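Enquirer: Taken in order, these protein sequences are the chains called Y and B. Each residue of the first sequence is one higher than the one before, starting from 38 at the first, in my numbering. Each residue of the second sequence is one higher than the one before, starting from 38 at the first, in my numbering. We put the CB at the ideal spot given by N, CA and C, even for glycine. Keep in mind the model is a prediction, meaning the values are calculated, not measured.
There are 2 protein chains.
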Amino acid sequence: MEGEGERWVPERYAAYWINHSSRKVIRLHELRLRPLGLSMANAAVLLTLAEGGPMSQKDLTRLARVEQPTMAEMLSRMERDGLVCRQRNPRDRRGSLFSVTDLARSRLDLVREALVQGERDALSGLTAEETEQLIRLLRRVAGNVDQAAAPLQSPERKG
Amino acid sequence: MEGEGERWVPERYAAYWINHSSRKVIRLHELRLRPLGLSMANAAVLLTLAEGGPMSQKDLTRLARVEQPTMAEMLSRMERDGLVCRQRNPRDRRGSLFSVTDLARSRLDLVREALVQGERDALSGLTAEETEQLIRLLRRVAGNVDQAAAPLQSPERKG
DNA sequence: AACAGGTGCATAGGACGCTATGCAACGGGC
DNA sequence: GCCCGTTGCATAGCGTCCTATGCACCTGTT
C-alpha cells in the first residue's frame, strides 16, 4: 500500500552519503591516531602548526575552516594534553602564539604516516582521476552551500 | 629552507573535503530546519519513523547507521521535544516502539521540502551524471573504510 | 589623551557522534 | 523450573562542532 516508490530513502541523497562517509573516515583515522594520543581534528592542527611556525588562534581557525570557539576549545585540550604551548604575543596582548611541544614534534612522522595511510585506505581502488573527480565535486558542493547559505543567515540583501 | 613543496596541505586530501563538505551541508540544512524545531539528524529519524510505522530503537539505529547510544540520546531528545512517543512493546518488555506524534506529523511536508531544497542547493550546477558519480564514489569510500577498519578494531584474525 | 568601534579570545550551552560499561528482560539447554 | 548466555537499552564520559554572548585589548578619530 501507499506507493513505495515515493518513500523517503536516505541512500538517494548525496547529503546522506557525504555525512555518512565523513563519519566513517573520521573513525578510521582515529583508530590509528588514538595510540598516538591524537584525533583527526587535532592532528590536522598539529601539522599545520608544526609546519607554519608559531601562529595565532585566528590563523589556525582560518586554516582549519572551523568557527572560532571550536578552535579555542581544541587548543585548550591540546595544551592540556601537552601537544602545544602558548606564549604571549608582544605585538598584541589580546592573544597568544601557539607552538608545537617537543613531545608532539617527536610524533609528527607517525601522525603524517597515519593520515596518509587513512587516506590511502579510503581511496583504495579509486584511480587518480576518480580521486581528483571526487575532490572536485566536493569542492563544488562546499562552494554551492556557501552560496546558498549566505542569504539565509544574513537577511541583509544589499541593493 | 625545508622544501616547501612537501608541506602538509589539507586541501590535497579527500578526507579533508569529505569532512569539510559534510559540516557545510549539515549547517545549511539546519538553517532551514531550525525554524521547524529540527536538525538534519533528527529530521531523518522522523521521516524514517513516519513512513516505516512504529519501530524499535534497534531498527532506527540500523537504518540511520549510527551507534546505539547515539540513537538512544537522539530519541530521548526527540521525545523531550514532543516529536516522537514511545509505547511499551508487549512482545518484548526490554524495549519500546517509537511513533511520530501528531505535532511532528503536521510538519512532515515542510521537513521533506527543507531536505529536498538543501540537497538541491548543495548539488546546484552538477549534472545528474555528476551527482550519481559523487554518490557512487562516496559509497566506495565508505565501503573501503569498512574494509580497512575491520582488522584494526577487532584484532581477532580468524585462521 | 580620551573615546568609539573593531578585533581576538573566552565561556556558556547544546547537538551529535563515539567508546565503555552495566542492567534487565529474553530464550534455549538441562 | 532454573540457570546462563544473548540481546536491547540506558548511562557515563568525552571530543568536535555549532550559536550566542561578553570582555579585554587595539586602533583610528577628534
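Do the stretch 172 to 183 of chain B and the stretch 51 to 59 of chain Y touch if we need at least three Cβ pairs shorter than 8 Å?
Expert: Result yes; three or more Cβ-Cβ pairs closer than 8 Å.
Enquirer: Give a yes or no on whether the minimum CB-CB distance between G74(B) and chain Y is below 9 Å.
Expert: Closer than 9 Å: no.
Enquirer: In angstroms with no decimal places, state the Cα-to-Cα distance between D129(Y) and S161(Y).
Expert: Rounded to whole angstroms, D129(Y) to S161(Y) spans 47 Å at the Cα level.
Enquirer: So, at 8 Å on beta carbons, what are the nonlocal neighbours of V148(Y) in its own chain, with the 5 sequence-adjacent residues on each side left out?
Expert: Around V148(Y): L70, L73, L75, A80, L83 and L84.
Enquirer: What is the DSSP secondary structure of R123(B), reduced to helix, strand or coil?
Expert: In the structure shown, R123(B) sits in a strand (DSSP, three-state: E or B).
Enquirer: Report the residue from R117(Y), R64(Y), R102(Y) and Q105(Y) whose alpha carbon sits nearest the alpha carbon of E156(Y).
Expert: Considering only alpha carbons, the answer is R64(Y).
Enquirer: Terminal residues of the continuous beta strand (DSSP E) containing S133(Y)?
Expert: It spans S133 to V137 - the beta strand (DSSP E) in which S133(Y) sits, taken as one unbroken run.
Enquirer: When we look at the beta-carbon of D158(Y) and count the other beta-carbons within 10 Å, is it buried (16 or more) or exposed?
Expert: Burial call: buried.
Enquirer: Cβ closer than 9 Å: which chain Y residues qualify as neighbours of T168(B)?
Expert: In chain order: A51 and L174.
Enquirer: Below 8 Å on the Cβ atoms is my contact criterion, and I expect L86(Y) with F135(Y) to pass it. Report the Cβ-Cβ distance as a whole number of Å.
Expert: Right, the Cβ-Cβ distance comes to about 6 Å (below 8 Å), so this counts as a contact.
Enquirer: Mind checking whether the beta-carbon of N79(B) lies closer than 8 Å to any heavy atom of the ligand NAP?
Expert: Among the components modelled here there is no ligand, and therefore nothing to report on the ligand NAP.
Enquirer: Can you tell me whether S93(Y) is helix, strand or coil according to DSSP?
Expert: Strand, per DSSP.
Enquirer: Name the chain Y residues that come within less than 8 Å of N79(B), Cβ to Cβ?
Expert: Result: empty, since nearest Cβ-Cβ is about 13 Å, beyond 8 Å.
Enquirer: Under 7 Å between beta-carbons, which chain B residues line up against A159(Y)? List them in chain order, please.
Expert: Within chain B, the residues near A159(Y) are A51, A52, V178, N181 and V182.
Enquirer: Report the rounded CA-to-CA distance for P127(Y) versus N181(Y), giving the unit in angstroms.
Expert: Those two C-alpha atoms are separated by around 40 Å.
Enquirer: Counting only Cβ-Cβ distances shorter than 7 Å, please list the residues of the stretch 95 to 124 of chain B near chain Y, keeping chain order.
Expert: Per Cβ criterion, the list reads R102.
Enquirer: Please classify A187(B) as buried or exposed, where buried requires at least 16 neighbouring CB atoms within 10 angstroms.
Expert: So A187(B) ends up on the exposed side.
Enquirer: Do R60(Y) and S59(B) come within 9 Å of each other at the CB atom, strictly closer than that value?
Expert: Yes.
Enquirer: Just to make sure I have the definition right: I need the residues of chain B whose C-beta is within less than 7 Å of the C-beta of A186(Y). Which are they?
Expert: Chain B residues near A186(Y): R64, L65 and L68.
Enquirer: Could you name the residues of the stretch 135 to 163 of chain Y whose beta carbon sits closer than 8 Å to any beta carbon of chain B, in the order they occur along the chain?
Expert: The stretch 135 to 163 of chain Y vs chain B, Cβ under 8 Å: R149, L152, G155, E156, D158, A159, L160, S161, G162 and L163.
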